[in-house]
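Heads up: the protein sequence lines correspond to chains A and B, in order.
First residue of the first sequence? That's 221 in the working numbering, and the numbers climb one at a time after it.
First residue of the second sequence? That's 780 in the working numbering, and the numbers climb one at a time after it.
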Amino acid sequence: MNWLFRLFRSSIGCKGIMALTGIALFGFVIAHLSGNLLIFGGPDAMNAYAVSLRELGPLLWVMRLGLLATVLVHIGAAMRLTRQNTDARPVPYVRRQNVASTAASRSMMMTGLTVAAYTVFHLAHLTWGFILHDFATAVDDQGRHDVYYMVVKGFQQWWMVFLYVVAMVILAVHLRHGISSFFQTLGFNHPRWNPILEKSGIGVATLIFLGYVSIPATVFFGLVGLDGGGS
Amino acid sequence: MDFKLHVWRQKDRNSEGRMLSTKVEGISPDTSFLEMLDILNQRLIEEGDEPIAFDNDCREGICGMCSLVINGVPHGPERGVTACQLHMRSFQSGQDIYIEPWRAKAFPVVRDLSVDRGSFDRIMAAGGFASVRTGGAPDANAVPIAKEQADLAFDAAACIGCGACVASCKNASAMLFVGAKVSQFLHLPQGEPERKRRVLKMVDQMDEEGFGNCTNTYDCEGVCPKEIKVRVIAEMNREYLRASLSHDET
Ligand code: HEM
Ligand code: FES
Chain A
221 MNWLFRLFRS
231 SIGCKGIMAL
241 TGIALFGFVI
251 AHLSGNLLIF
261 GGPDAMNAYA
271 VSLRELGPLL
281 WVMRLGLLAT
291 VLVHIGAAMR
301 LTRQNTDARP
311 VPYVRRQNVA
321 STAASRSMMM
331 TGLTVAAYTV
341 FHLAHLTWGF
351 ILHDFATAVD
361 DQGRHDVYYM
371 VVKGFQQWWM
381 VFLYVVAMVI
391 LAVHLRHGIS
401 SFFQTLGFNH
411 PRWNPILEKS
421 GIGVATLIFL
431 GYVSIPATVF
441 FGLVGLDGGG
451 S
Chain B
780 MDFKLHVWRQ
790 KDRNSEGRML
800 STKVEGISPD
810 TSFLEMLDIL
820 NQRLIEEGDE
830 PIAFDNDCRE
840 GICGMCSLVI
850 NGVPHGPERG
860 VTACQLHMRS
870 FQSGQDIYIE
880 PWRAKAFPVV
890 RDLSVDRGSF
900 DRIMAAGGFA
910 SVRTGGAPDA
920 NAVPIAKEQA
930 DLAFDAAACI
940 GCGACVASCK
950 NASAMLFVGA
960 KVSQFLHLPQ
970 GEPERKRRVL
980 KMVDQMDEEG
990 FGNCTNTYDC
1000 EGVCPKEIKV
1010 RVIAEMNREY
1020 LRASLSHDET
């Protein structure tokens, strides 16, 4: 097992862990989006989906804990690498100019931590029901937790829409660098593929942004509402 | 041409340094950057001051000794050249020019603009070589090597070990340098016997020296005077992960 510890402690091994946990979180982001888009299927589709998730029972807890562990490892590795990076230049430059790097690539720690803070807020809003509590307790005519109502009511508040849109911009910026970084970190780099990977990083991040933002946007502008709109 | 220079002055490893400003006047546009410093140093000596210490040797872009961060960019504003190949015509007369040493924990300042790059030597000593038996030299063409592979090895071997990659990186990471030194053997049959051991030892030494970690920002590729590509970092990552998972030594 010595070799495994040595790998984890090394710069490249730690970066590899960032890449693997990062891509796992990316997988979650895609899966979560595909579930959320059921809101366009109307209250019944949305609430039935929520029930089916809860019916997973212990499996749901395995998934939740797995996801939590992935996030913690991703953040832990980020902290470790970042501390080494700041230690590596004790005396800063008086003048320093960026030559080739993008702003997205330079701000991964900032965007990542913002996504983490947003995630806590998001859970407090829609999972724990701490924020806008009154909307979180409704029950539909079949006696199910009315997730559709909770979401629609939430996104009829302008400040809520604003917060979600800003958070999604930041997530997209994180993924814009993260997706192409994943390949480089794990050793895939080829002149034929590099421009394609770079563009797909931007493309996929944009699609994720549009997908997530479509929900608060359509609710806010009344395209999806409580009177069966959208169903 | 006239310039207002702001130069890092530091007496020795243990002293605090600071930027000092001075004017240079009547410089020809065809003066090289290092010659401009020579002219300034001559004046400082005549005035009884300490000349500015800076590293240099070949002054033709092949030895990797010159190491100046000029207005925030290692080797200055021109792409694909070392500081010794830079000329004052690349600047505007009357301009402020900031000159600083490479800044990294693994490159301690020896004096003024001169830094100790022994950390690079120790990385090379850890594994940056191919062991050969002594004896009669083999026929140069006896080992076939595909042209494409030879080109990849040669592109990596163009690295002169100056350390501009470390100096430019926001994390002071040495991964472009170490990547180049791994890649130059990776594409050649002579590198094969020590392939896994080499990358493991070099990366471990790199970590030990206190360089930062690559975050794929690629400023290094932008400042490298030999235009080494970040593909060598991907190759090093791949080789290191592969060697870690499969090497036979303990
Ligand atoms: C929760 C808080 C998060 C923090 C603090 C964080 C921080 C970071 C940092 C510092 C990096 C390294 C960047 C680099 O090497 O340039 C990174 C990479 C990455 N992150 Fe995150 N991140 C977070 C959340 C996420 C989420 C939610 C996802 C996916 C949806 C994600 C996906 C990625 C990917 C794919 C990478 C690229 C890995 C690589 O370097 O190859 N991250 N993250
Ligand atoms: S002095 Fe030799 S490369 Fe500049």
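Just so it is clear, CB atoms sit at the ideal spot from N, CA and C, and this is done for glycine as well.
Residue i - containing beta strand (DSSP E), residue span
| i | result |
| --- | --- |
| phenylalanine 782 (chain B) | 782-788 |
| tyrosine 877 (chain B) | 875-879 |
| lysine 802 (chain B) | 797-803 |
Per DSSP, cross-strand counterpart(s) of residue i
| i | result |
| --- | --- |
| methionine 844 (chain B) | DSSP, once it has assigned bridges, lists no residue as partnering methionine 844 (chain B). |
| arginine 890 (chain B) | B:Ser893 |
| proline 263 (chain A) | Answer is none; proline 263 (chain A) lacks a bridge partner. |
| glycine 991 (chain B) | B:Ser952 |
| proline 853 (chain B) | B:Val848 |
| serine 811 (chain B) | B:His866 |
| histidine 353 (chain A) | According to DSSP, histidine 353 (chain A) bridges with nothing at all. |
| histidine 252 (chain A) | Paired residue(s): none; histidine 252 (chain A) is not in a bridge. |
| alanine 883 (chain B) | B:Phe886 |
| valine 459 (chain A) | This structure does not reach residue 459 (chain A), given that chain A is present from 221 up to 451, and the question cannot be answered. |
Under 9 Å between C-beta atoms of residue i and residue j
| i | j | result |
| --- | --- | --- |
| valine 894 (chain B) | glycine 942 (chain B) | yes |
| alanine 1013 (chain B) | glycine 407 (chain A) | yes |
| valine 319 (chain A) | aspartate 998 (chain B) | yes |
| leucine 352 (chain A) | methionine 380 (chain A) | yes |
| alanine 885 (chain B) | phenylalanine 990 (chain B) | yes |
| phenylalanine 355 (chain A) | glycine 374 (chain A) | yes |
| glycine 859 (chain B) | leucine 847 (chain B) | no |
| asparagine 920 (chain B) | tyrosine 877 (chain B) | no |
| valine 1009 (chain B) | valine 311 (chain A) | no |
| alanine 392 (chain A) | threonine 426 (chain A) | yes |
| leucine 965 (chain B) | alanine 932 (chain B) | yes |
| isoleucine 831 (chain B) | leucine 892 (chain B) | yes |
| valine 433 (chain A) | valine 359 (chain A) | no |
| alanine 270 (chain A) | arginine 364 (chain A) | yes |
| serine 401 (chain A) | valine 982 (chain B) | no |
| asparagine 992 (chain B) | leucine 301 (chain A) | yes |
| methionine 1015 (chain B) | valine 957 (chain B) | yes |
| leucine 813 (chain B) | serine 800 (chain B) | no |
| isoleucine 399 (chain A) | leucine 417 (chain A) | yes |
| isoleucine 939 (chain B) | cysteine 842 (chain B) | yes |
| alanine 909 (chain B) | glutamine 984 (chain B) | no |
| valine 444 (chain A) | isoleucine 259 (chain A) | yes |
| proline 853 (chain B) | alanine 916 (chain B) | no |
| glycine 233 (chain A) | serine 1023 (chain B) | yes |
Closer than 8 Å at the beta carbon, the chain B residues around residue i
| i | result |
| --- | --- |
| valine 314 (chain A) | His785, Trp787, Met798, Tyr877 and Glu879 |
| serine 401 (chain A) | Thr994 and Asn995 |
| leucine 395 (chain A) | Those do not exist, as leucine 395 (chain A) stays about 14 Å from chain B at its closest Cβ, beyond 8 Å. |
| leucine 333 (chain A) | Those do not exist, as leucine 333 (chain A) stays about 15 Å from chain B at its closest Cβ, beyond 8 Å. |
| phenylalanine 362 (chain A) | Before going on, a small fix: residue 362 (chain A) reads as glutamine here, not phenylalanine. Ordered by position in chain B, no residue passes the 8 Å Cβ test against glutamine 362 (chain A), which lies about 50 Å from the chain. |
| leucine 343 (chain A) | Those within 8 Å of leucine 343 (chain A) in chain B number zero; the least Cβ separation is about 28 Å. |
Cross-chain neighbours of residue i in chain A, by beta carbon under 8 Å
| i | result |
| --- | --- |
| lysine 884 (chain B) | Asp307, Ala308, Arg309 and Pro310 |
| alanine 862 (chain B) | Chain A residues near alanine 862 (chain B): none, gap ~15 Å exceeds 8 Å. |
| valine 894 (chain B) | The contacting residues do not exist; valine 894 (chain B) stays about 11 Å from chain A at best. |
Residues that residue i contacts on chain B, provided the C-beta gap is smaller than 7 Å
| i | result |
| --- | --- |
| isoleucine 237 (chain A) | Those do not exist, as isoleucine 237 (chain A) stays about 11 Å from chain B at its closest Cβ, beyond 7 Å. |
| tryptophan 223 (chain A) | Ser1023 |
| alanine 320 (chain A) | Tyr997, Asp998, Glu1000 and Gly1001 |
| leucine 245 (chain A) | Within chain B, no residue comes near leucine 245 (chain A); the closest Cβ sits about 17 Å away, beyond 7 Å. |
| isoleucine 232 (chain A) | Val982, Asn1016, Tyr1019 and Leu1020 |
| leucine 227 (chain A) | Ser1023 |
| leucine 301 (chain A) | Asn992 |
Beta-carbon neighbours of residue i, restricted to chain A and to distances below 9 Å
| i | result |
| --- | --- |
| asparagine 793 (chain B) | Here the premise fails: no neighbours, minimum Cβ distance about 13 Å. |
Segment limits, alpha helix (DSSP H) that includes residue i
| i | result |
| --- | --- |
| tryptophan 223 (chain A) | 222-229 |
| asparagine 1016 (chain B) | 1010-1025 |
| serine 400 (chain A) | 378-405 |
| cysteine 944 (chain B) | 943-947 |
| tyrosine 368 (chain A) | 367-374 |
| phenylalanine 833 (chain B) | Per DSSP, phenylalanine 833 (chain B) belongs to no alpha helix (DSSP H) and is neither H nor E. |
| isoleucine 295 (chain A) | 278-307 |
| proline 436 (chain A) | 414-440 |
| arginine 326 (chain A) | 323-326 |
| lysine 1005 (chain B) | First-last for lysine 1005 (chain B): undefined, no H or E at that position. |
Listed by chain order, chain A residues near residue i by CB distance under 7 Å
| i | result |
| --- | --- |
| serine 898 (chain B) | Result: empty, since nearest Cβ-Cβ is about 11 Å, beyond 7 Å. |
| lysine 949 (chain B) | Arg326 |
| arginine 1010 (chain B) | Asn409 |
| glycine 990 (chain B) | The question names glycine, yet the displayed sequence has phenylalanine at residue 990 (chain B). Chain A residues near phenylalanine 990 (chain B): Ala308. |
| valine 852 (chain B) | Gln317 and Val319 |
Where residue i meets chain B, residues with beta-carbon distance less than 9 Å
| i | result |
| --- | --- |
| phenylalanine 355 (chain A) | Those do not exist, as phenylalanine 355 (chain A) stays about 41 Å from chain B at its closest Cβ, beyond 9 Å. |
| leucine 406 (chain A) | Ala1013, Asn1016, Arg1017 and Leu1020 |
| leucine 391 (chain A) | Within chain B, no residue comes near leucine 391 (chain A); the closest Cβ sits about 18 Å away, beyond 9 Å. |
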